[in-house]
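Okay, so here's the structure we're looking at.
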Amino acid sequence: MNTAAILEPASRTPAPGESPYGIEVEGVSRDFGKYRALDDVSLRVPRGEIFGLLGPNGSGKSTLIRILCGLLTPTTGRARVDGLDVTTAGEEVRRHIGYVSQKFSLYEDLTVLENLNFFASVYGLKGNDRHERREWAMDLTQLDPYRDRLAAQLSGGWKQRLALAAALMHRPRVIFLDEPTAGIDPVARRELWNLLFTLAADGVTLLVTTHYMDEAERCSNVAYLYLSKMLVQGRPDDLMLMPEVTPAGMRRVQADCDQGAAAVMGASRSLPYVDDVTIFGNALHLLVSADVDDTKIAGDLAAAAHGARVKVSPIQASLEDVFVRLTKLQVAKKNGSKLPLAPEGKR
Amino acid sequence: MRGFWAVLKKEGMQMMRDSATLRFAIAIPVFQLVLFGLIDTNVKHVPTVVFDQSRSPDSRELIQQFVNTSYFSVVGYAPSRDAMHEEIVAGRASVGIEIPVDFARRRLYGQSAALLVLIDGSDATISSQALSAANGLALSRSITELLERSGNDELPIGVHPQLLFNPDSRSANLLIPGLVAILLTFSGTILAAFAIVRERERGTLEQLMVTPVSPLAVVMGKLLPYLVLAFVQLILILTLMTTVFKVPIHGSVPLLMALSVVYLFSLLALGLLVSSRSSTQMEAVQRAQMFLLPSIMLSGYIFPLSSLPAPIRVISQILPATHFIAISRGIIIRGATFHDLWQNVAALVAIAVVLVAGSTQAFKKTIS
């Protein structure tokens, strides 16, 4: 786990002379005084893909986006967006990117239409072109009924749609979205993601930061940043199969409980072959030794929890399991200790 | 300058929509103008208490002469010197006139008769004017009598003072041309700083910076509407000044306008400078105060420059308000020309150039 596991993703055929990648980051670090906000991060996003950037708050996600948008310069390393170096061709890059920030940052005292017109004219769109583009963006985001409403009067989900529409006015080839769905309801979240897929299908490259695992699983590729470093990068499916996540000699099972899953979870900790347990409603996800079978686990859990009925079945690691496990390994490595039940010889 | 027109149009739209700012920009100058236009620093009708021990027709005539100068207004008679003193301590009167018992007798015999005049020294304006009024009255009466006695009908030395430019010594004529400079400081600096800090506070500046718009276009597009607003204020103030307060502009109006624009540029640049150091509007107000207060106190607006200690006068010289007040008073009151004012004009232009260059640099630095 010393270097990030870069799993080469399938890429589309690029136009001749064009970089096949919408975003390329090579060994980028960024220091703020003594604090290193980003430490030797590399990633590549093929055109037309949605790339998910995950990690706890303060792990460097926003710093990376700000570098890619040309708002910050990297201390070391190189970053290219749409084939152009962000440090040397910043202005050219800004012509082809869209940015939707974490906080709504359009003009609340202007209407939907006025906001879109403003951003269209900032990008130099005029007359018919502007009109066409604006109507297209409003159609796509279904903002049309709200065109004369002040942005301040829109709800969270609609504000994000407006921010996206504004970021789309100039047909950007790459779009950065910094936690676009934070604080908006599940329906609006789903709809926003559907929009992102529509854009990706058109060949737009998208980089999205999120805390939601269901969103991460919808990305073609994800990267996980932790304490300014990139711990892992790859396709969600591949990450779930990583040996570090489910070490050799271990397997993952789900235990469905008819009642009192919390009590069963407490009881499960006393079982010697259980390494990790997480609760999901009425079910538990357990990391257990591979040599113990489902029937025994079910029996032990039922006994430990005084007769609860438990059904055990094998499952794959989830993306959340991946990140939780990798974070633990990283912490253990930092502290110089070893994780229990990750035997040295077996890895 | 890519994006300049887009930013300009947007900013203008936001400004017109922000009725609070507009009201602030129009109401404050009008209110202050009315206030300052009505203030009269010429002292009149100073409350006066009289301790008349003579109680003679002569003493009553003297008191009447004091009243006739219109500087003094008798508010009461005191039975003793202590009582008179007490009236002044209590603030009920600012001047006390004591007429001695032998006043009428000494006058009758042509002897010198002395008056005691107590003046409240706690207000410099009242005391100095009351003092000169009292002295003037006694002196002119004495001279008249001496002339009569000597048989001469003219003074050995005659003084014919003539007050130029403001013959009636109207305070409005002096105050309003200075007030113009101070009022523009508020809108030019504070409103301009607000306009930029607001975008920073709301994150819209960052959103703008990921578009191809140039930083200079943002600055210019955002500040130009405020230049227009400040110019509208200037015209409003000057119109009220000449029509309502009857303060005529003796010099060239186009010259005044042109130099006002230079002054406004320096104010907007200060606003920009303030904004590039502040991340909230509250912070911007406090930073702006550091410049606004000296502009009011040290620019010659309130205290004459000659009354300031020499080290402080150095500060005065680097304030744009100092030079603009000199220019504005020069053109409005004295009818001064460009040639007369060239030193102030040169200083103002130099300050404006330094501020504009410095503030755009500072702004560029903060956004990159």
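Quick note, the sequences are listed as chains A and B, same order.
In terms of the numbering used here, the first sequence opens at residue -9 and continues consecutively.
In terms of the numbering used here, the second sequence opens at residue 3 and continues consecutively.
Where is the CB? At the ideal position from N, CA and C, for every residue including glycine.
All figures in this text were calculated on a predicted structure; none of them were measured in a lab.
Asked	Found
Just tell me which of B/L321, B/R4, B/A197 has its CA closest to the CA of B/I298.	B/L321
Note down the Cα distance separating B/F167 from B/F38, rounded to an integer number of angstroms.	19 Å
Work out the CA separation of A/G60 and A/A79 for me, nearest whole Å.	9 Å
Beta-carbon within less than 6 Å of B/L266's beta-carbon, same chain only, minus the 5 sequence neighbours each way: which residues are those?	G190, L229, A232
Look at the alpha carbon of B/L133 and the alpha carbon of B/L120, and state the distance between them as a whole number of angstroms.	9 Å
How would you list, in chain order, the residues of chain B whose beta-carbon sits under 9 Å from the beta-carbon of A/K351?	Any property of residue 351 of chain A remains undetermined from this structure, which presents chain A solely from -9 to 337.
Please classify B/L2 as buried or exposed, where buried requires at least 16 neighbouring CB atoms within 10 angstroms.	A query on residue 2 of chain B cannot be resolved here, the shown segment of chain B reaching from 3 to 370 and no further.
Can you tell me whether A/P304 is buried or exposed, with buried defined as 16 or more other CB within 10 angstroms of its CB?	exposed
Considering only the alpha carbon of each residue, which of B/L257, B/S268, B/G93, B/M211 lies closest to B/V351?	B/S268
Is B/K11 close to chain A? Criterion is C-beta to C-beta, closer than 9 Å.	yes
Rounded to the nearest angstrom, what separates B/D170 and B/G180 at their Cα positions?	18 Å
Tell me, please, whether the CB atom of B/K366 is closer than 9 Å to any CB atom in chain A?	no
Tell me, which residues are paired with B/T23 by DSSP?	Looking at the DSSP assignment, B/T23 forms no beta bridge with any residue, so it has no partner.
Does the pairing of the region 193 to 203 of chain A with the region 118 to 125 of chain A give three or more beta-carbon distances under 8 Å?	no
At the level of alpha carbons, what is the spacing between A/V71 and A/R56?	12 Å
Could you spell out where the alpha helix (DSSP H) holding B/N70 opens and where it closes?	59 to 70
In the DSSP output, what is A/T195 paired with across the bridge?	A/V164
Report all residues from its chain with a CB closer than 6 Å to the CB of B/P47; omit the five preceding and five following residues, and keep chain order.	Going by the sequence as given, residue 47 of chain B is His instead of Pro. Same-chain partners within the cutoff: S75.
Going by the beta-carbon positions, is the gap between A/V222 and A/L316 smaller than 9 Å?	yes
For B/L148, count neighbouring Cβ atoms within 10 angstroms of its own Cβ and tell me buried if that reaches 16, exposed if not.	exposed
Consider the Cβ of A/D21: report whether some Cβ of chain B lies at a distance smaller than 9 Å.	no
Report yes or no: is there a C-beta of chain B within less than 9 Å of the C-beta of A/D119?	no
Can you give the Cα-Cα distance for A/T(-7) and A/T66, rounded to whole angstroms?	With a pLDDT of 40 at A/T(-7), under the threshold of 50, the modelled position of that residue is not reliable, and no figure is offered here.
How big is the Cα-Cα spacing for A/Y216 and A/K318?	11 Å
Using the Cβ count rule (16 or more neighbours within 10 Å means buried), how would you classify B/A135?	buried
The beta strand (DSSP E) with B/V52 in it runs from where to where?	48 to 54
Just to confirm the assignment: which complete beta strand (DSSP E) runs, minimum length 3, are found wholly within the region 223 to 288 of chain A?	240 to 247, 264 to 270, 273 to 279
If the criterion is Cβ atoms closer than 9 Å, does the pair A/L44 and A/F270 meet it?	no
Check whether chain B comes within 9 Å of A/I87, counting only Cβ atoms and requiring the distance to be less than that.	yes
Does any CB atom of chain B fall closer than 9 Å to the CB of A/Y97?	yes
Measuring only the C-alpha atoms, how far is A/N184 from A/K51?	23 Å
Taking CB distances under 9 Å as the criterion, tell me whether B/T206 reaches chain A.	yes
Taking all protein chains shown into account, do 16 or more other C-beta atoms lie within 10 angstroms of the C-beta of A/K24, making it buried, or fewer, making it exposed?	exposed
Among the residues of its own chain, which have a CB less than 7 Å from the CB of A/G256, if the five just before and after it don't count?	none
Contact check, A/G193 vs A/R37 under 8 Å by CB: the rounded distance?	6 Å
Could you spell out where the alpha helix (DSSP H) holding A/G117 opens and where it closes?	117 to 131
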